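Heads up: the sequence shown begins at 0 in numbering that gives the first Met the number 0, then just goes up one per residue.
Each residue gets a CB set at the ideal place from its N, CA and C atoms; glycine is no exception.
Computed from a predicted model, the values in this text were never measured in an experiment.
Read through the structure below, which is laid out as structure tokens, and then see the notes.
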Amino acid sequence: MEKTLDSSIVIVSWNTRDILRDCLRSIDENAGSVRREIIVVDNASADGSVAMVRQEFPHVRLMENAENRGFAAANNQGIAVARGRYVLLLNSDTIVLDGAIAGTVAFADAHRDAAVVGCRVLNADRTLQPTCFMFPSVLNMLLSSTYLYKLWPQSRLLGRERMTWWRRDDVREVDVVTGCFMLVRSEAIGQVGVMDERFFMYGEETDWCYRFKRAGWKVLFTPAAEIIHLGGQSSRRVPVEMTVQLRLSILRFIRKHHGRAYHKLACLLVVVFFVVRLPVWLAVYAVSRGRRERAGAKLRAYLAGTRRVVFSS
0 MEKTLDSSIV
10 IVSWNTRDIL
20 RDCLRSIDEN
30 AGSVRREIIV
40 VDNASADGSV
50 AMVRQEFPHV
60 RLMENAENRG
70 FAAANNQGIA
80 VARGRYVLLL
90 NSDTIVLDGA
100 IAGTVAFADA
110 HRDAAVVGCR
120 VLNADRTLQP
130 TCFMFPSVLN
140 MLLSSTYLYK
150 LWPQSRLLGR
160 ERMTWWRRDD
170 VREVDVVTGC
180 FMLVRSEAIG
190 QVGVMDERFF
200 MYGEETDWCY
210 RFKRAGWKVL
220 FTPAAEIIHL
230 GGQSSRRVPV
240 EMTVQLRLSI
250 LRFIRKHHGR
260 AYHKLACLLV
270 VVFFVVRLPV
280 WLAVYAVSRG
290 RRERAGAKLR
300 AYLAGTRRVV
310 FSS
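Right, here's the structure in full:
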């Protein structure tokens, strides 16, 4: 397919009608002169998202799924019909600030060796949201599971996976930029392929960045563009499962790209992560009536996660 536009903006939506509306408005208001198309792939929302897009944003290409196909598969649907030199994967819970799209497109044009470009991501209160990460490893898993990086964020050892010591204030080559705003060169997609749909949620952008870098492309970050990310509005509906799913996705990544022995070691670490939390939440369940519902959900999630790791590894 001939790439006649600068950017194809692909947004996956699942029950985020109101914030999706704000996201689409921000694109229309702040994308400037970038030749673009907007593709919304809806994963069987039940909150009127489809009707809202059709009525209020008739210029948006809408693709409707009969079921929730997951983040990777839905993005791949949008990528398959994209006509842009770049594909911008954008979360529905983001607000595009002035110049963000034009700035990253211009940056990518100036850095022809970059397959992926990420930008500064801000919380709703305009504080910095730490995006960009190192690839998963047993060492990174061990360090991040202690949460000591929260006490000593400036430590390059404790904060290595999340790069907590870096203020995201300079151009830098990184391992991973998060999928909430991910500008990807269509030429690179043609070489490496689309997202791995075996990652239902979390880990798909990590796998993609790894494959791009393995093929000789760079993943770059630029501070010259900014967006607001409200943060996990879809996944917030199932916060307990988030923790489990994230770690299972890390294990899938390690199994795909590293040896069997390394994967077994990572599985052991994840099981320990789940198991050591069981007595804590069991105690909370026993003594705190007000937190019993949350504690019960945590216990069920960690037990289910442990079973999945043990019986699938």
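Pick from the options that is closest to residue i, judged by C-alpha positions
| i | options | result |
| --- | --- | --- |
| residue 46 | 14, 154, 248, 165 | 14 |
| residue 130 | 86, 114, 173, 95 | 173 |
| residue 171 | 218, 199, 150, 204 | 218 |
| residue 37 | 60, 242, 177 | 60 |
| residue 127 | 105, 226, 202 | 226 |
| residue 201 | 178, 185, 209 | 178 |
| residue 91 | 199, 16, 165, 163 | 16 |
| residue 221 | 105, 64, 0 | 105 |
| residue 309 | 287, 291, 273, 87 | 273 |
| residue 240 | 190, 185, 304 | 304 |
| residue 230 | 65, 10, 93 | 93 |
| residue 140 | 295, 246, 58, 54 | 246 |
Exposure of residue i, with buried meaning 16 or more beta-carbon neighbours within 10 Å
| i | result |
| --- | --- |
| residue 280 | buried |
| residue 111 | exposed |
| residue 135 | buried |
| residue 233 | Low local confidence applies: a pLDDT of 47 at residue 233 is under 50, so the model's placement there is unreliable, with the coordinate-based value given in what follows. Residue 233 should be labelled buried. |
| residue 146 | exposed |
| residue 243 | buried |
DSSP beta-bridge partners of residue i
| i | result |
| --- | --- |
| residue 41 | 12, 63 |
| residue 304 | Residue 304 is not bridged to any residue. |
| residue 181 | 88 |
| residue 220 | 117, 171 |
| residue 35 | 6 |
| residue 26 | None, per the DSSP bridge assignment. |
| residue 225 | 119 |
Endpoints, alpha helix (DSSP H) assigned at residue i
| i | result |
| --- | --- |
| residue 267 | 259-274 |
| residue 149 | That residue, residue 149, is in no alpha helix (DSSP H); it is neither H nor E in DSSP. |
| residue 284 | 277-286 |
| residue 52 | 48-55 |
| residue 77 | 70-80 |
Check: Which runs of the alpha helix (DSSP H), 4 residues or longer, sit entirely within the stretch 90-133?
Finding: Listed in chain order, they are 99-109.
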